[in-house]
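With our numbering applied, the sequence shown covers 96 to 686.
The beta carbon of each residue, even a glycine, is placed where N, CA and C say it ideally should be.
Model, not experiment: these values are computed from the prediction.
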Amino acid sequence: MARMTAAEAAVHIMEKEGAQCAFGVPGAAINPLYAALRPRNQIKHVLARHVEAASHMAEGYTRAKAGNIGICIGTSGPAGTDMITGLYSAAADSIPILCITGQAPRARLHKEDFQAVDIAAIAKSVTKMAVTVMEPAQVPGTFQQAFHLMRSGRPGPVLIDLPFDVQTAEIEFDPETYEPLPVYKPKATRAQIDKAIALLQAAERPLIVAGGGIINADASDKLVTFAELTGVPVIPTLMGWGTIPDDHPLMVGMAGLQTSHRYGNATLLASDFVLGIGNRWANRHTGTVEVYTKDRKFVHVDIEPTQIGRVFAPDYGIASDAGLALDVFIEAARELKAQGKLRDRSTWLEECRERKKTLLRRTHFSETPIKPQRVYEEMNKAFGRDTTYVSTIGLSQIAAAQFLHVYKPRGWINCGQAGPLGWTLPAALGVCAADRSASVVAISGDYDFQFLIEELAVGAQFNLPYVHVLVNNAYLGLIRQSQRGFNMDFQVQLSFENINTPELGVYGVDHLKVVEGLGCRAIRVTDPEKLYDAFQEAKRLAAELRVPVVVEVMLERVTNVAMGTDLDKVTEFEDLALDASDAPTAIALLD
Numbered sequence: 096m097a098r099m100t101a102a103e104a105a106v107h108i109m110e111k112e113g114a115q116c117a118f119g120v121p122g123a124a125i126n127p128l129y130a131a132l133r134p135r136n137q138i139k140h141v142l143a144r145h146v147e148a149a150s151h152m153a154e155g156y157t158r159a160k161a162g163n164i165g166i167c168i169g170t171s172g173p174a175g176t177d178m179i180t181g182l183y184s185a186a187a188d189s190i191p192i193l194c195i196t197g198q199a200p201r202a203r204l205h206k207e208d209f210q211a212v213d214i215a216a217i218a219k220s221v222t223k224m225a226v227t228v229m230e231p232a233q234v235p236g237t238f239q240q241a242f243h244l245m246r247s248g249r250p251g252p253v254l255i256d257l258p259f260d261v262q263t264a265e266i267e268f269d270p271e272t273y274e275p276l277p278v279y280k281p282k283a284t285r286a287q288i289d290k291a292i293a294l295l296q297a298a299e300r301p302l303i304v305a306g307g308g309i310i311n312a313d314a315s316d317k318l319v320t321f322a323e324l325t326g327v328p329v330i331p332t333l334m335g336w337g338t339i340p341d342d343h344p345l346m347v348g349m350a351g352l353q354t355s356h357r358y359g360n361a362t363l364l365a366s367d368f369v370l371g372i373g374n375r376w377a378n379r380h381t382g383t384v385e386v387y388t389k390d391r392k393f394v395h396v397d398i399e400p401t402q403i404g405r406v407f408a409p410d411y412g413i414a415s416d417a418g419l420a421l422d423v424f425i426e427a428a429r430e431l432k433a434q435g436k437l438r439d440r441s442t443w444l445e446e447c448r449e450r451k452k453t454l455l456r457r458t459h460f461s462e463t464p465i466k467p468q469r470v471y472e473e474m475n476k477a478f479g480r481d482t483t484y485v486s487t488i489g490l491s492q493i494a495a496a497q498f499l500h501v502y503k504p505r506g507w508i509n510c511g512q513a514g515p516l517g518w519t520l521p522a523a524l525g526v527c528a529a530d531r532s533a534s535v536v537a538i539s540g541d542y543d544f545q546f547l548i549e550e551l552a553v554g555a556q557f558n559l560p561y562v563h564v565l566v567n568n569a570y571l572g573l574i575r576q577s578q579r580g581f582n583m584d585f586q587v588q589l590s591f592e593n594i595n596t597p598e599l600g601v602y603g604v605d606h607l608k609v610v611e612g613l614g615c616r617a618i619r620v621t622d623p624e625k626l627y628d629a630f631q632e633a634k635r636l637a638a639e640l641r642v643p644v645v646v647e648v649m650l651e652r653v654t655n656v657a658m659g660t661d662l663d664k665v666t667e668f669e670d671l672a673l674d675a676s677d678a679p680t681a682i683a684l685l686d
């Protein structure tokens with residue numbers, strides 16, 4: 096067998112497991128791994144400016160394409176702790192990423208060596224496995240197990256910590272005969288699906304709630320097939336947005352407290368049965384469980400058995416990969432259809448579609464400073480069906496979910512549970528690295544944008560072009576809105592008068608100068624009538640210059656976006672749409 100360093104064996108295994116790209120920052124304790132990566136040059140490397148950003152780039156890379164596993168690499172000590180946020184984000188959303196950290200030599204552990212921290216202990220609660228490898232000969236098995244765990248059952252991240260002398264030690268390893276371990280995914284039985292279908296058949300007003308597990312399973316086409324066979328309307332969760340195109344007749348809106356549609360909430364409240372597939376009943380989707388579950392039955396299909404019953408007890412639960420379950424659902428539905436036993440859902444669907452036509456929010460505002468609703472209206476006009484949107488949290492994300500349109504799986508890439516500020520920009524770069532020809536549009540408020548703004552230089556250096564829509568109100572807008580309940584507006588204003596750019600008034604940071612200083616391009620828009628042209632110009636510049644292009648939109652300082660405490664208690668702060676001119680890009684009005 097061949098002799099090589101343990102670090103070289105790790106690189107061979109990553110290649111055999113399909114790794115093609117890594118994001119990271121070299122350092123003394125991880126240099127042996129970089130020394131193994133460099134001569135082979137099979138795994139491309141993107142140099143981040145911040146190690147947390149590298150972990151979010153790895154997330155974006157994984158989320159962009161089925162089968163991808165993003166890799167983030169850092170040295171010992173603070174590099175690992177910086178990547179904890181990325182590991183938490185990935186774990187919360189069932190996203191597999193591999194985090195590799197360097198470590199002090201084994202003899203120096205527990206001696207308070209420089210940048211020596213027990214990162215495996217810190218990372219255990221936000222990973223499927225976190226381990227410091229103490230024996231060089233265990234490196235191949237550890238990496239093999241890492242990929243097996245990341246892909247099996249509920250997907251998730253792994254951290255491998257490699258002491259310096261473990262990386263450099265020579266071991267016997269034969270890369271030619273290496274094979275990945277078989278992936279384990281639970282599969283629903285026909286008896287289980289028959290019981291779920293019987294409950295569905297007994298319902299008068301059923302819905303399918305389509306979660307992110309369907310996208311993880313690359314099974315969106317199966318979801319659409321099953322919905323079309325049964326005629327049952329679909330409500331995607333925020334993580335499942337795109338499993339069914341927004342303009343599909345069976346897509347009847349999203350439900351929730353914030354990232355939802357008026358018609359989606361009304362339809363869920365009118366239902367008497369919900370089949371949840373690949374979802375986790377997140378609180379931003381359900382609100383109070385008592386309101387969400389009242390007078391309706393539930394079947395829950397999830398890849399992780401312990402997710403079933405975690406939020407509330409369904410009437411029936413099935414532990415299964417979403418795609419494998421949908422295979423059996425389709426089989427059973429086709430048999431019932433052939434026998435003429437599937438119920439006609441046309442009357443119920445027409446009721447749902449009527450709500451979609453009438454319960455609309457207004458988007459067409461002509462005021463200056465610009466109202467955010469108008470931004471998303473113009474984005475719908477400017478960006479096509481092939482667009483991939485990337486966002487994390489804030490009023491910008493909430494409004495985007497209320498007003499934008501998504502037509503494909505992985506067309507909405509969102510940090511669903513963790514929601515760390517700063518996530519959007521590096522995640523968008525990871526999406527671009529996964530497919531450099533993709534049409535990627537990121538959406539940020541000014542605070543999210545400023546958190547990891549330095550990563551724009553990564554986009555310039557590695558030619559990762561995309562359009563970043565920056566909606567600037569010089570506020571922590573979502574927190575300001577939540578502070579209304581405490582009758583305060585405290586420590587959430589980002590406004591100040593910039594001595595170098597007095598024409599900005601109180602908007603403070605001159606994002607155009609910062610963006611251009613980092614090697615990218617930027618456009619500032621103050622007139623709502625110029626939004627469309629600015630978006631078109633941004634697309635042109637990104638394609639021509641192959642760098643990120645930022646469109647900064649100067650918003651009114653205070654906007655309250657619709658949200659509430661329950662599905663039946665969402666407060667609308669703006670006038671609602673009365674006719675087509677109030678919401679010209681609404682899907683129902685385009686039918």
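With a threshold of 16 other beta carbon atoms within 10 Å, residue 242 meets it and is buried.
Of the residues assessed, residue 539 falls on the buried side of the cut-off, its CB having 16 or more other CB atoms within 10 angstroms. The beta strand (DSSP E) runs of length 3 or more contained entirely in the region 265 to 302 are, from start to end of the chain, 265 to 267. The DSSP-derived three-state label of residue 212 is coil. Note that the region 606 to 615 touches the region 532 to 551; at least 3 beta-carbon pairs, one per stretch, sit closer than 8 Å.
Note on the region 121 to 193: whole beta strand (DSSP E) runs with a minimum of 3 residues are 139 to 142, 165 to 169, in chain order.
In the three-state reduction of the DSSP assignment, residue 474 falls in the helix class, which pools H, G and I. For residue 663, the closest of 363, 509, 246, 261 by C-alpha to C-alpha distance is 363. DSSP places residue 106 in the uninterrupted alpha helix (DSSP H) bounded by 101 to 111.
Counting other Cβ atoms within 10 Å of its Cβ, residue 205 stays below 16 and is therefore classed as exposed.
Secondary structure note for residue 387: it is in no beta strand (DSSP E), and the uninterrupted alpha helix (DSSP H) holding it is 384 to 388. Inclusion of residue 557 and residue 141 in the CB contact set at 8 Å is warranted, their separation being smaller than that value.
Here DSSP, grouped into helix, strand and coil, assigns residue 619 to strand. Excluding residues up to 5 positions away in sequence, 106, 117, 138, 140 lie with their Cβ nearer than 8 Å to the Cβ of residue 132 in the same chain. In this structure, the CA atom of residue 270 is about 7 Å from the CA atom of residue 104. Taking 3 residues as the minimum length, the beta strand (DSSP E) runs contained wholly in the region 542 to 578 are 562 to 567, in order along the chain. In the DSSP assignment, residue 392 forms a beta bridge with 368.
Under the 8 Å Cβ criterion, the region 412 to 427 counts as touching the region 280 to 287, having at least three qualifying pairs. Under the three-state reduction of DSSP, residue 259 is assigned to helix.
Taking the CA atoms as reference points, residue 629 sits about 14 Å from residue 643. Here residue 256 is not near residue 200, since their CB atoms are 8 Å or more apart. A contact is defined here as three or more CB-CB pairs under 8 Å, and the region 495 to 503 fails this definition with respect to the region 513 to 521.
Separation of residue 669 and residue 568 (C-alpha to C-alpha, rounded to the nearest whole angstrom) is 17 Å. For residue 470, the closest C-alpha among the options 238, 119, 216, 621 is that of 621. Going by beta carbons, residue 308 and residue 189 fall inside the 8 Å limit.
Of the residues 591, 327, 527, the one whose Cα lies closest to the Cα of residue 485 is 527. Between residue 152 and residue 547, the gap from beta carbon to beta carbon reaches 8 Å or more. Ranking 624, 265, 346, 414 by CA distance to the CA of residue 477 puts 624 first. Partner residues in a beta bridge of residue 656, as assigned by DSSP, do not exist. When the five nearest sequence neighbours on each side are left out, the beta carbons in the same chain lying within less than 6 Å of the beta carbon of residue 150 are those of 167, 178, 181, in order along the chain.
Per DSSP, reduced to three states, the secondary structure at residue 321 is helical. Inter-segment contact for the region 431 to 449 and the region 582 to 602 is absent: fewer than three beta-carbon pairs are separated by less than 8 Å. By the Cβ test, the region 335 to 346 is in contact with the region 303 to 318, since at least three Cβ pairs between them sit closer than 8 Å.
Residue pairing for residue 229: DSSP places it in no beta bridge. Look at residue 509 here: in three-state DSSP terms it is strand. Under a 10 Å Cβ-count criterion, residue 114 is classified as buried, with 16 or more other Cβ atoms of the shown protein chains found around its own Cβ.
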